[in-house]
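**Student:** For the sequence shown, this note's numbering assigns the number 61 to the initial residue and increments by one for each residue that follows.
Every residue gets a Cβ at the ideal spot worked out from N, C-alpha and C, and that includes glycine.
Model, not experiment: these values are computed from the prediction.
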Amino acid sequence: MLIHQMLTKKYLLHHKKRTLLTLFGIILSIALITSIGTFLISYQQYSLEKTRTEYGSYHLKIEHVNIQYAKRLQANPQVEKVGLSSQQTLFFNDKSKFQLKSIDMQAYSMLPFHTIHKQKNNGLIMEEWAAAKYKKERNIKKPLNLMDASGSEHSFYIQEIVENNQSLREDQDLQAFNVHKTIQKTNDMEVYVKLDEQANFHEVYNQVLTYIPKKNIELNYQLIDLEYWNNTGDGNGNAFKSVIYILPTIIVVIATIAFIFNTFQISVVERIRHIGLLKTVGATKRQIQKMIVYEMALFGVIGIPIGLLLGVLGFWAILSAYQFMFEENELSLFYFKIILSPTVFILSSLIGLLSLIISGLIPLKMASRISPLGTIKTPINRNTFKIKIKKINTFMQNWISIETVMAIRNIRRNKLRSLTIIFSLSFSVFLFITFSIFSTELLDMELKEKTDEEFQLNFYEPEPLPTSLWRDLENISEVQEKYIHYENSPAQMLLPSLASDKMKVKGNQVVNLDGKSFSSINLTITPLTDENKTFLMKKLIDGSLNKKKLIQEQGVIYIQANNSKSSVQVGDEVYVRLQTNDTDRLSDVKKVKISGIVKLNQFENKIMAYPEVLSFINNQKVNRISLFLNSNNNEKKVEKRLNKLAVQYPNIDIINELKIQRNLSSLYLQIQILLYGFLIVIGFIAVLNIFNTTFMNIILRKSEYATLQAIGMSIKSIRRMITTEGVLYGIISVMIGSTVAKVAEILLFLSSGNPQGTGHLKLYITSWFGILIICYISARVSSRILKKIQWKDTLRNE
Numbered sequence: 061m062l063i064h065q066m067l068t069k070k071y072l073l074h075h076k077k078r079t080l081l082t083l084f085g086i087i088l089s090i091a092l093i094t095s096i097g098t099f100l101i102s103y104q105q106y107s108l109e110k111t112r113t114e115y116g117s118y119h120l121k122i123e124h125v126n127i128q129y130a131k132r133l134q135a136n137p138q139v140e141k142v143g144l145s146s147q148q149t150l151f152f153n154d155k156s157k158f159q160l161k162s163i164d165m166q167a168y169s170m171l172p173f174h175t176i177h178k179q180k181n182n183g184l185i186m187e188e189w190a191a192a193k194y195k196k197e198r199n200i201k202k203p204l205n206l207m208d209a210s211g212s213e214h215s216f217y218i219q220e221i222v223e224n225n226q227s228l229r230e231d232q233d234l235q236a237f238n239v240h241k242t243i244q245k246t247n248d249m250e251v252y253v254k255l256d257e258q259a260n261f262h263e264v265y266n267q268v269l270t271y272i273p274k275k276n277i278e279l280n281y282q283l284i285d286l287e288y289w290n291n292t293g294d295g296n297g298n299a300f301k302s303v304i305y306i307l308p309t310i311i312v313v314i315a316t317i318a319f320i321f322n323t324f325q326i327s328v329v330e331r332i333r334h335i336g337l338l339k340t341v342g343a344t345k346r347q348i349q350k351m352i353v354y355e356m357a358l359f360g361v362i363g364i365p366i367g368l369l370l371g372v373l374g375f376w377a378i379l380s381a382y383q384f385m386f387e388e389n390e391l392s393l394f395y396f397k398i399i400l401s402p403t404v405f406i407l408s409s410l411i412g413l414l415s416l417i418i419s420g421l422i423p424l425k426m427a428s429r430i431s432p433l434g435t436i437k438t439p440i441n442r443n444t445f446k447i448k449i450k451k452i453n454t455f456m457q458n459w460i461s462i463e464t465v466m467a468i469r470n471i472r473r474n475k476l477r478s479l480t481i482i483f484s485l486s487f488s489v490f491l492f493i494t495f496s497i498f499s500t501e502l503l504d505m506e507l508k509e510k511t512d513e514e515f516q517l518n519f520y521e522p523e524p525l526p527t528s529l530w531r532d533l534e535n536i537s538e539v540q541e542k543y544i545h546y547e548n549s550p551a552q553m554l555l556p557s558l559a560s561d562k563m564k565v566k567g568n569q570v571v572n573l574d575g576k577s578f579s580s581i582n583l584t585i586t587p588l589t590d591e592n593k594t595f596l597m598k599k600l601i602d603g604s605l606n607k608k609k610l611i612q613e614q615g616v617i618y619i620q621a622n623n624s625k626s627s628v629q630v631g632d633e634v635y636v637r638l639q640t641n642d643t644d645r646l647s648d649v650k651k652v653k654i655s656g657i658v659k660l661n662q663f664e665n666k667i668m669a670y671p672e673v674l675s676f677i678n679n680q681k682v683n684r685i686s687l688f689l690n691s692n693n694n695e696k697k698v699e700k701r702l703n704k705l706a707v708q709y710p711n712i713d714i715i716n717e718l719k720i721q722r723n724l725s726s727l728y729l730q731i732q733i734l735l736y737g738f739l740i741v742i743g744f745i746a747v748l749n750i751f752n753t754t755f756m757n758i759i760l761r762k763s764e765y766a767t768l769q770a771i772g773m774s775i776k777s778i779r780r781m782i783t784t785e786g787v788l789y790g791i792i793s794v795m796i797g798s799t800v801a802k803v804a805e806i807l808l809f810l811s812s813g814n815p816q817g818t819g820h821l822k823l824y825i826t827s828w829f830g831i832l833i834i835c836y837i838s839a840r841v842s843s844r845i846l847k848k849i850q851w852k853d854t855l856r857n858e
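#1: Within 10 Å of its beta-carbon, does residue 470 have 16 or more other beta-carbons around it, so buried, or fewer, so exposed?
#2: For residue 361 versus residue 94, is the C-beta spacing smaller than 9 Å?
#3: Straight-line CA distance for residue 536 to residue 679?
#4: Just the Cα atoms here: how many angstroms apart are residue 483 and residue 793?
#5: Taking the CB atoms as reference points, tell me whether residue 250 and residue 145 lie closer together than 9 Å.
#6: What number of angstroms, rounded off, separates the C-alpha of residue 170 from the C-alpha of residue 100?
#7: In angstroms, rounded to a whole number, what distance separates the CA positions of residue 271 and residue 259?
#8: Straight-line CA distance for residue 659 to residue 276?
#9: Taking the C-alpha atoms as reference points, what is the distance between residue 161 and residue 147?
#10: Relative to the C-alpha of residue 786, which residue among 770, 826, 838 is closest?
#11: Decide if residue 641 is buried, meaning its Cβ has at least 16 other Cβ atoms within 10 Å, or exposed.
#12: Since residue 639 and residue 551 are thought to touch, with beta carbons under 8 Å apart, how far apart are those beta carbons, to the nearest angstrom?
#13: Measuring only the C-alpha atoms, how far is residue 283 from residue 175?
#14: Pick helix, strand or coil for residue 615, following the three-state DSSP scheme.
#15: With a floor of 4 residues, list each alpha helix (DSSP H) that falls wholly inside the stretch 253–279, ordered by position along the chain.
#16: Could you say if the stretch 74–85 and the stretch 394–405 meet the contact criterion of at least three C-beta pairs nearer than 8 Å?
#17: Is the beta carbon of residue 348 closer than 9 Å to that of residue 338?
#18: Does the beta-carbon distance from residue 378 to residue 394 come in below 9 Å?
#19: So does the stretch 668–686 actually touch the stretch 645–656, counting three or more Cβ pairs closer than 8 Å?
#20: Can you list, in chain order, the residues of its chain with a C-beta nearer than 7 Å to that of residue 645? Leave out the 5 residues immediately preceding and following it.
#21: Roughly how many whole angstroms lie between the Cα atoms of residue 737 and residue 730?
#22: I'd like to confirm something about residue 238: is its beta-carbon nearer than 8 Å to some heavy atom of the ligand NAP, or not?
#23: Going by beta-carbon coordinates alone, are residue 495 and residue 150 separated by less than 9 Å?
#24: Give me the residue from 620, 405, 597, 685 with the minimum Cα distance to residue 526.
#25: Check the DSSP bridge columns for residue 599 and list the partner residues they point to.
#26: Go ahead and label residue 772 buried or exposed: buried means 16 or more other beta carbons lie within 10 angstroms of its beta carbon, across all protein chains shown.
#27: Going by DSSP, which residues form a beta bridge with residue 556?
#28: Could you give the distance in angstroms between the alpha-carbon of residue 466 and the alpha-carbon of residue 823?
#29: Less than 6 Å between C-beta atoms, sequence neighbours within five positions excluded: which residues of the same chain meet that for residue 213?
#30: List, from N- to C-terminal side, the alpha helix (DSSP H) runs of 4 residues or more that fit wholly inside the stretch 167–230.
#31: Between the alpha carbons of residue 490 and residue 279, how many angstroms are there, rounded?
#32: Please report the distance separating the alpha-carbon of residue 565 from that of residue 579.
#33: For residue 612 and residue 513, what's the separation of their Cα atoms in angstroms?
#34: Which class does residue 368 belong to by DSSP, given the choice of helix, strand or coil?
#35: As a quick exercise: from 429, 366, 242, 263, pick the residue whose alpha carbon is nearest that of residue 335.
#36: Let me check one thing: in DSSP terms, what residues is residue 386 bridge-paired to?
The following block contains the structure:
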């Protein structure tokens, strides 16, 4: 063993506490980086599998492809798989249409089929809604007899019934899939393209556009955004995802570097005399540097492998705890398998090594510049414990104790060390405040997203209200109320200048019609129907919903949104026009009367009218239907009945708002636990930093404290001085950290267009008290070592 290695090992073993603290900080940092990387890789893989299951594993769906273009796609080296499909329109005996899609095995492997029922005989694959519709009229177990356009008959069995999936259909015609090993190639095929994992999506897409029109290409955006987010050209999305991946690692690295740098700096300062003595007996600068490098290497060799192991084990423990505490749902964060990625281990190790190297650079230079004669002539840090008595102004004499004055001077004379501690603590304050603000905004978002309805029936494509569906909903006795959301038409409500002043309308565009000025309010217009009348009557706060009266007086219903500041009143006369109508003539806009005001839980103002009043809203296509239950206890019963309805109506999707709210609450709680857990680890590293620094400062300044005691200062006063120094670190850090956090908060809310959103005074006060208490406790605990020091021996050694 070389001499510098032996000396380093002896030094580390002699200072066991400092060595263990340093190792613990390195292990904690590496473990945190590893767990973050493992989480990101595992969750990304889980999201990919979930997306492929729901939307299919293809990236491009191309229509009207001929044989030549299909071969060209198959020959592309960046394309992994190409599936072919052809469609044929067949007819039942009653002349009703049936769409038969023939697909090859490649296409079958890329489409999201989820089997519900499978029969022994070979045949067609049919969605559940199509099978239910077919079963109503025919025996599903018997052959399916169809005719083509030429009158030739074809017979098929139904082999497999799969779950309804909007990704499998383009319209509401009855359809099925027929799987073949290969299909006959034609000049009008539908092609599914799956790209290679290493492909450049943007490059492949541009190549395809050179010979296939853009209108014929449908992108599987959900999958593309996950697999090729770094080269899709979405700048905002890329930046956001980069922040999610990189920001936590940067935070950990900064905290780690601050901690290790301070530790190594203290280590070198403590050994100034020893290093000087080694130089007097012939040690070269290179050998001294090797001692510091060897110390860093030892910490890396021991700390990094243990950190990697603890990172994986810690993440597994967190995963298990989450799965025990929270039920699995669509928004669960931690219900996936752990993926052990070599890339994560390599990057974590490299980040750890880089942190060690950066942390040790300055201490390494300090060690190489130590003068052997200077350290022998002058005791350690003699310039630091000279008691300089200067005239203190009257204010300081009256109000600041000698312990406080000396604590301030101690901070000022060790500038580099003090700056490291202040940076570490300020960083923790900044993170605590910003993460807490983010968590608070999440909670506010959860409250804002809460809706009144318990269930929603969303229409994939807007369509007129199916009479049979409404009748089926009427038969569900557990549903108390129903409200239909029709397609909205963007419009403008024009108010004369006097009316706009009365209604307190500000900041709206001024429109001139026939030389008269009107204030314009953007809103939407939606049809008023008899189906919604019962529901709206209960929400009416003023006016009437009498249809005859509304039509007679050309009246409309004003829907007042949440937090609406306009004071529209019943009886006000206004003008209404579509936003596409840019006429400057008053005769081309419709004059109506506000006949009723309804208060609904929504985010925009609306006008509702019968088509007899506003002829341009004759389109009554439905977007969604809200359902309100008699009691939340009926949730499962209603959901079961609605799911049966959904099988018969392929254009609707059942949304359980009660379940979504529960899942969102669980998700926000998980995010808050994750954020604060991350913050606790970062804060703990900062606490280790201040504890280690305070403890080592006492060791380094033993002679100074011995001198102070010799001239009459008690141990209690010295401890008070050390405690004051720790509290001062906290005060300075709180001021810097909270100021930076406040600036970041203001910029964040200004960029989001909500300058009124700033505040959160309680968070700032909490962080102030938290840091001050931590600094006080760390200093008090570290100062206990004063009782164990033999002060006479310390002075004698000097």
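**Tutor:** If we stick to the structure as given:
#1: buried
#2: no
#3: 28 Å
#4: 7 Å
#5: yes
#6: 25 Å
#7: 19 Å
#8: 45 Å
#9: 4 Å
#10: 838
#11: exposed
#12: 6 Å
#13: 22 Å
#14: strand
#15: 261–269
#16: no
#17: yes
#18: yes
#19: yes
#20: 573, 574
#21: 10 Å
#22: Ligands are entirely absent from the displayed structure, and the ligand NAP is therefore not among its contents.
#23: no
#24: 685
#25: Answer is none; residue 599 lacks a bridge partner.
#26: exposed
#27: 578
#28: 32 Å
#29: 207
#30: 188–197
#31: 42 Å
#32: Legend: pLDDT at residue 565 = 46, less than 50; position of this residue unreliable, value from coordinates given subsequently. If you take the alpha carbons of residue 565 and residue 579, they lie about 8 Å apart.
#33: 33 Å
#34: helix
#35: 429
#36: Answer by DSSP bridge pairing: none, since residue 386 is not bridged.
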